Structures are given as C-alpha cells and as structure tokens.
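Q: Chains A and B, in that order, are what the protein sequence lines are. Sequential numbering from 25 applies to the first sequence in the working numbering. Sequential numbering from 12 applies to the second sequence in the working numbering. For each residue, glycine too, the CB sits at the ideal point set by N, CA and C. As the structure is a computational prediction, the values presented were derived from the model and not from experiment.
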Amino acid sequence: MSKLQGQPFRLTGLASPNRLGFARFKKALNAYCAGKLLAANSALGMYFLKRLLFLIPLLLVISFLAFLLMHAAPGGPFDRERAPASPEIERAIQAKYHLDEPVLKQYGRYLGGLVQGDLGPSLKYRNHNVADIIRQALPVSFTLGSLAFGLAIGLGIPWGVWMAVRRGRWGDYVWGLLALLFVCVPALVLGPLFVLIFAVHWQLFPVALWESARHAVLPTLTLGLFFAARVARLMRESMTTTLQAEFIMAARAKGVSESAILLKHALRLAVLPVVSYSGPMLADLLTGSFVVENVFQIPGLGGFFINSSFNKDLTMLMGLVLLYAALLVVLNLLVDLLYQVLDRRVKYE
Amino acid sequence: MSEGLASARRAQVEPSARLGEEPGPGLNRLPLSPNQRARRRFIRNKPALGSAVFLGALLLVVLVGPLLCPYQPELSYAEQFQPPDAKHWFGTDVHGRDLLIRVLFGARISILVGVVGAAVALVIGVSWGAVAGYMGGRLDGLMMRMVDVLYSLPSIIFVMVLIATLSPMATSWLSRVPEPFGSKLAAVTPLLFLFAGLGAVSWLTMARIVRGQVLTLRTRAFVEASRSLGASHARILWRHILPNVWGIVIVYLTLSVPAVILYESFLSYLGLGIQPPTASWGSLVAEGAGQLHPVRIYWWLIVFPASWLVATLLALNFLGDGLRDAFDPRSAEN
C-alpha cells in the first residue's frame, strides 16, 4: 500500500521541472536558515554588547558615589605623615594633587584620566601611578585566583559526581560531611591552621611569601577548598536530579555504559548550576584572596586595597574599586556566554 | 483566608509532600496549615533540631558564662602564653589574658553583629522588596536598579569603603561632643560602623527574594478579591501578601546570620572591624595567627576561637537548611 502511494511521488520527483523546483526550494531554505541563525547570533551579540555597554553607566555611578563619599570624609591622605608640614608645604601638596579644587572639578579631572587608562597618582606610594601598582600586583592576584578557581572546578566537580553516584551510601555521607565542613571553615581559620600544621609543624611548605610553585600550594588550598566544597555540594544536587531524568533512563535502556551516561549525557546538563554559580564565585574569590594574601604575605591587590583603606589613599582605593567592578561585570559576562554555549535552550533578550 | 488559600495552593502544587505526611490516628482530622506542616517537617529533621538546641545552649553559655567566670576579658592574670590548664581552660594570650573569657565576650560581639545584620535585612530588605514588588512599574525599576548597583560590587568591598570613609567622619564629629559622653561614644563607634556597614549590604538579597515572591503573589485571586472589597494597599500588603512570604523570609534570615558573622570576622581579621582591646572571634583568630612562630606553637590561640566560630557557622547553616526544607519542600532534593 505504502509502496504504491510512494511510487507516483518518486516518479514526479524525477521529472526535471520539479527537480529544479526542489533545488530552488532547498537553496531558499538554506538561505533562510542561515539568515535565521545569523539573526539569532546577532541578537545574542546585541545582548552581550548591551551588557558590556551597561558597564559604562555602572562605573560612572560607582565612581561618583565613591568619590563623593571619600571627599565627605575629613582628614586627608597626608595626615599620617610624621612631621606636620608648614602651611605652605601643605598647600603645595594639596595643589600638586589638585585636592584644593571643588569636588566636581576633581571628579571631572579624574574621569578625563580614566578614559586614557590613567588612574592618577597614588597618594601614599609617592612617585607611583595607581595604574602601575595595579599592573604589578594584578598578575599575582590573578594567578592565585586562577589556581583557586581551577582547584574549585577540578576538585569540586569530580567530588560532587562521586557523591551523587554513591548517594545514600557511606561514601556520600563522609564526603558530604567533609564538604559541609569546608563550607563552614572560613579562610581566616583555614589559612593559619594550614600554616600551623603543614608549614610550622611538618615544614612541608614555606610559611609565607610568593616565590616558587611550592609557595603557591597552601594559599591555593586555603582559598580554593571552600569553593571546591561549594561546587561539590551544588554538583551533587544537580547530578542527583539529572540522573533521575527520562533521557538517562532511555540511555540506560539502550545499554549505554554507566560511565558514558555519567560523562557524556548527564555531566553536560548537571554542570549548568556550577556554571551559573561561577559568577558569584569569582566575586568571592576576589575578596577571599584579601585574607589569603594577608595570611601568606602575598604582594597582590588585596594588600594594597586594605592598606589604601587604612591610609585613605583615595585614588588607589577608587582605582581598585573600579577595577573590581569592571572585572566582575566582564567575568560575569563570560560566564553567561559559556552558559549559552553549553545550554542552547537559554535565550537572552 | 490567605492562609487557607495558600494551603490549598501548596496541596495542589506538591501532592508528594502531602502524601509524605501521615494522616494521623483521628478520622476527621482537620488538614494541617502550611505552618503546622512546616513545623512537623522541621522537628523530624534531626540535624536541624540538634543545631537549634546547640545554638540555644551556646546563647545561654555566652550570656551566663561570663558571670560565672572569675576573670575579666581585658585584664592580665598570668604569664603570657600559658597553655590550657585547670586555672585557664583555654590558656592565656600575649598579654596573659584569660582566653576563655575573651572567647565568650568575643562571641557576644560576633553574635550581636550577626543578629543586627539579620534585623536590618528583615526591616529594610522586606519592606524594600515588598514595596518594589507590589507597586511595580517605574518605582520597582528604580528600586531594583539601586539594588543592582550595590550588588555589582562584592559586598565586602562596599563595606570596607564605607567603613574607611565614614570612620574619620565620625571621629571629627565625636570630637565636638562634650567630654563624658564623647569618650564613651568613641568606644562604641567602631562597633556602630560595623553594624552600619554590614547592615548596608545584608538586606540586598532579602529585598530581591521578597520582591520576587510579592511579584507573583500580587496577581493571585485573593489579592484581587480583597482589592475589590476596598482594602487599602497597606492592608493588602500586611494581611494578605506578607503572611505568605514569612516562611521564606525566616529561612533567608537564618542563612544571613552566618553570612554576616563571617563578614564581621573577615573585617576584624583584617583589622577593619572590631578594634582592640574589644575582641570578636575574627580578631581573636587574627591575634592567634599573628603569634605563629616557627619554634613555639601556641595552638590554643587559634584553635579555640576558630572552633567556636566554625561550630556556630555549622549549626546556623544546618538550621537554615532545615528551615528551608521545612518551609519550602520543593527546594528539597533527594
């Protein structure tokens, strides 16, 4: 029956005018699809461009608020100088750093420099630009942050998958308890404890400073273990729910091996909550490194931030605050892009 | 009325949660209200219940303990760095002060900061989120953009900038206050700034959560009904919308206490929070970490304050998770 029905279609399909029509149709369809894809991609591009452009008003608002706040505070950056300078010198210093101008004019001057990538001179570390100091300290903080991020992802995901696979058994409870413990032990406790145990008592690693690869081990663990535990807990939850999905059952029914189910089918879906958590995680990594850099005397941005908020080094503080805000927006944008790549169902508008 | 509707809604949404409840011995038993069911679920959750008991005991020890302890937190009694013994259970610190009493007083500060932060989250966060979600439109947009801007920085950075700029302002203001009050006020200002700074960030998450809840609640039929009966906005918000939000508010309140305690210890560790001689858990750990020495190991200076801090954080997190499972069973996994 079906053969009979199929026959006339195939015959007409062979006829040349129809064939031409089909080719034309196929071509049109391809063009249409390509256009649609392009439109979708450009809509996505527009969305991310918009997000990137949002950075500008955001930085303006933050910088303005911070500028006002810092100028409302009495006491200048030179109050901690040892000898009180004569009024003339005081005035000369004020004039040099334009501290005697009205606030709005100072702010305008600051913005003008900002556009050219100049964050002004540091008021505490004389003869140094804020931009120079950042350029020196940022790589250190960035290395530490990336190592900790790598540890969080590289350890946390297998950890969570392991717990999900062993759900309800002893392994799950023991590792789950360990994860909970690491989530509740802040870096300011973990750091000194690690130093006490691994550096002072067993002398396996150096106590402090940032020189060789061995120096990086304890800081990375201190900063990264908390996030690894967070990722593991997230991963366990999402993996557990994913493993109950119907497509996993279908894969099992087809006889796909358990490891292939885990790694090929489930992981890609289950990793999504971790991806969306990595945005806030990056923010916490930034600030978490303050304590870690303090414990291990690492010359990163955190130390400069703390010192400048002690010393009222306005330009330094402003530069760092703006840097952090910009970094966060850009990193969050990257996280969202990655999410889009991994999960095509998500639509941004 | 809203209660009944809410329970009907829950029953409809989560049949499995209802099936999980035992019907009880009586035949014509009234169905439980959502709050009653939440209480049952909570009591069945042993770790959460245990944490609640632990926290109650901790509170008791922290409030009563210093009265029973023969030492003062800011006086030195013995040689410095005495290891723990029968006289000084937690040992002594660099000035020969008794560590036990310092940990107890530090606990008071840390817990107080956590509670104040949570209170700010409750008052400002809930009203901000409720008004924004209920009013909607341009006002909602404006209020939420403000939250977004504050959110765009890591909150701890915001707090640090706030404290760094506000404290000199306060000292110059305090110098004009007449003397007997001036020095007393100056003693508590670091603490007040800590409260202000941590309060300024602790309400943001709460505002977002409450707004999201209110946004869906205000379109529900019971709100429509009471509006058509002529109820005022304040009455609708207070009597019909907020009672449906309290559950989730309590959950996030519990979870915000450990977050604020953690922030406080973070700041005090870096020297920006509590100023000596007053102590909190964070600054005590910092003092201990400052005494790390390659030759002699004063482990008690770190281990005791740190273990109290960690135990409290653990218990608060258990409690918060338990409350979330109790009030919002849909979020419960496994």
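Applying the criterion that 16 or more other CB atoms from any shown protein chain within 10 Å of the CB defines a buried residue, is Pro243 (chain A) buried or exposed?
A: So Pro243 (chain A) counts as buried.
Q: For Leu258 (chain A), I'd like the list of residues in its chain whose CB is within less than 7 Å of its CB, leaving aside the five on either flank, ordered along the chain.
A: Excluding residues within five positions, the ones whose Cβ falls inside 7 Å are Gly184, Pro297, Val298, Tyr301.
Q: Once DSSP output is grouped into helix, strand and coil, what is the label at Asp367 (chain A)?
A: DSSP places Asp367 (chain A) in coil when its eight states are reduced to three.
Q: My guess is that Gly107 (chain B) and Glu90 (chain B) are in contact by the Cβ rule of under 8 Å, so how many angstroms apart are they, rounded?
A: The Cβ separation is near 6 Å, so the contact holds.
Q: Can you look up Val85 (chain A) in the DSSP assignment and give me helix, strand or coil?
A: Helix at Val85 (chain A).
Q: Excluding the 5 residues flanking Thr167 (chain A) on each side, which residues of the same chain have their C-beta closer than 8 Å to its C-beta?
A: These residues qualify, in order along the chain: Ala240.
Q: Confirm, please, whether the CB-CB distance from Ala290 (chain B) to Arg119 (chain B) is below 7 Å.
A: Result no, Cβ atoms of Arg119 (chain B) and Ala290 (chain B) do not sit closer than 7 Å.
Q: Tell me whether Asn151 (chain A) sits in a helix, a strand or coil according to DSSP, three-state version.
A: Here Asn151 (chain A) sits in coil by DSSP.
Q: Report whether the distance from the Cβ of Phe222 (chain A) to the nearest heavy atom of the ligand PLP is below 6 Å.
A: This structure lacks the ligand PLP; in fact it carries no ligand of any kind.
Q: Measure from the C-beta of Pro34 (chain B) to each C-beta in chain A and report whether the shortest distance is under 7 Å.
A: In this predicted model, Pro34 (chain B) has a pLDDT of only 49, less than 50, meaning its place in the structure is not dependable; the value taken from the coordinates is given anyway. Not closer than 7 Å to any Cβ of chain A, the Cβ of Pro34 (chain B) fails to qualify, so no.
Q: Do Val164 (chain A) and Pro323 (chain A) come within 7 Å of each other at the CB atom, strictly closer than that value?
A: Contact: yes.
Q: Measure the C-alpha to C-alpha separation of Leu196 (chain B) and Leu110 (chain B) and round it to an integer number of angstroms.
A: Answer to the nearest angstrom: the Cα atoms are 27 Å apart.
Q: Looking at the C-beta of Pro81 (chain A), does it have a partner C-beta in chain B at a distance below 7 Å?
A: Not an interface residue.
Q: Just list the residues that DSSP pairs Thr103 (chain B) with in beta bridges.
A: The partner list for Thr103 (chain B) (beta bridge, DSSP) reads B:Asp109.
Q: Quick one: which chain A residues come within Cβ less than 9 Å of Leu324 (chain B)?
A: Per Cβ cutoff of 9 Å: Val207, Cys208, Val209, Pro210.
Q: Using a Cβ-Cβ distance under 7 Å, would Tyr348 (chain A) count as near chain B?
A: Chain B contact via Cβ: present.
Q: Is Phe314 (chain A) closer than 7 Å to Gly326 (chain A) when the C-beta atoms are compared?
A: Against a cut-off of 7 Å, the Cβ pair of Phe314 (chain A) and Gly326 (chain A) comes out as a contact.
Q: I think Val353 (chain A) touches Leu89 (chain A), with their Cβ atoms under 8 Å apart; what is that distance to the nearest whole Å?
A: About 16 Å separates the two Cβ atoms, so there is no contact after all.
Q: Give me the residue from B:Ser178, B:Tyr263, B:Pro288 with the minimum Cα distance to Glu85 (chain B).
A: Nearest C-alpha to Glu85 (chain B): B:Pro288.
Q: DSSP three-state label for Pro287 (chain B), please.
A: Pro287 (chain B) falls in the coil class under three-state DSSP.
Q: Does the beta-carbon of Pro165 (chain B) have 16 or more other beta-carbons within 10 angstroms, so that it is buried, or is it exposed?
A: Under this definition Pro165 (chain B) is a buried residue.
Q: Based on the DSSP secondary-structure assignment, which residues constitute the bridge partners of Pro145 (chain A)?
A: Pro145 (chain A) pairs with A:Asn153.
Q: What is the DSSP secondary structure of Pro243 (chain A), counted as helix, strand or coil?
A: Correct three-state label for Pro243 (chain A): helix.
Q: According to DSSP, is Lys98 (chain B) part of a helix, a strand, or is it coil?
A: Coil at Lys98 (chain B), not helix or strand.
Q: Is it the case that the Cβ atoms of Leu327 (chain B) and Pro269 (chain B) are separated by a distance below 7 Å?
A: For Leu327 (chain B) and Pro269 (chain B), yes; Cβs fall inside 7 Å.
Q: Let's see if you can read the secondary structure: which residues bound the alpha helix (DSSP H) around Asp336 (chain B)?
A: Residues 310 to 338.
Q: Quick one: which unbroken alpha helix (DSSP H) runs of 4-plus residues sit fully inside the stretch 229 to 311 of chain A? Chain order, please.
A: Runs of the alpha helix (DSSP H) inside the stretch 229 to 311 of chain A: 237 to 267, 270 to 277, 291 to 294.
Q: CB-CB under 8 Å to Glu32 (chain B), same chain, minus the five flanking residues each way: which ones, in chain order?
A: Its pLDDT being 48, under 50, Glu32 (chain B) is placed unreliably in this model, and the value from its coordinates should be taken loosely. The residues are Leu43, Arg48, Arg51.
Q: Roughly how far, in whole angstroms, is the beta-carbon of Phe251 (chain A) from the beta-carbon of Leu204 (chain A), given that I think they are within contact range, below 8 Å?
A: Contact doesn't hold; Cβ gap of about 14 Å is too wide.
Q: Since Gln224 (chain B) contacts Ile261 (chain B) with CB under 8 Å, what's their CB separation in whole angstroms?
A: The pair is not a contact, with the Cβ atoms about 13 Å apart (cut-off 8 Å).
Q: Determine the DSSP secondary structure at Asn54 (chain A), reduced to helix, strand or coil.
A: If DSSP states are grouped into helix, strand and coil, Asn54 (chain A) belongs with the helices.
Q: Specify, as a first and last residue, the run of the alpha helix (DSSP H) that Ala300 (chain B) falls within.
A: Counting along the chain, the alpha helix (DSSP H) containing Ala300 (chain B) begins and ends at 292 to 301.
Q: Can you list, in chain order, the residues of its chain with a C-beta nearer than 8 Å to that of Val170 (chain B)? Leave out the 5 residues immediately preceding and following it.
A: Cβ within range, chain order: Gly208, Leu209, Ala211, Val212, Tyr274, Leu278.
Q: Do Ser267 (chain B) and Ala129 (chain B) come within 7 Å of each other at the CB atom, strictly closer than that value?
A: The answer is yes: Cβ separation under 7 Å.
Q: Hey, Leu351 (chain A) and Ser87 (chain A): beta-carbon distance below 7 Å or not?
A: In this structure, Ser87 (chain A) does not lie closer than 7 Å to Leu351 (chain A) by Cβ.
Q: At a Cβ threshold of 7 Å, is Tyr274 (chain B) touching chain A?
A: With 7 Å as the cut-off, Tyr274 (chain B) does not count as an interface residue toward chain A.
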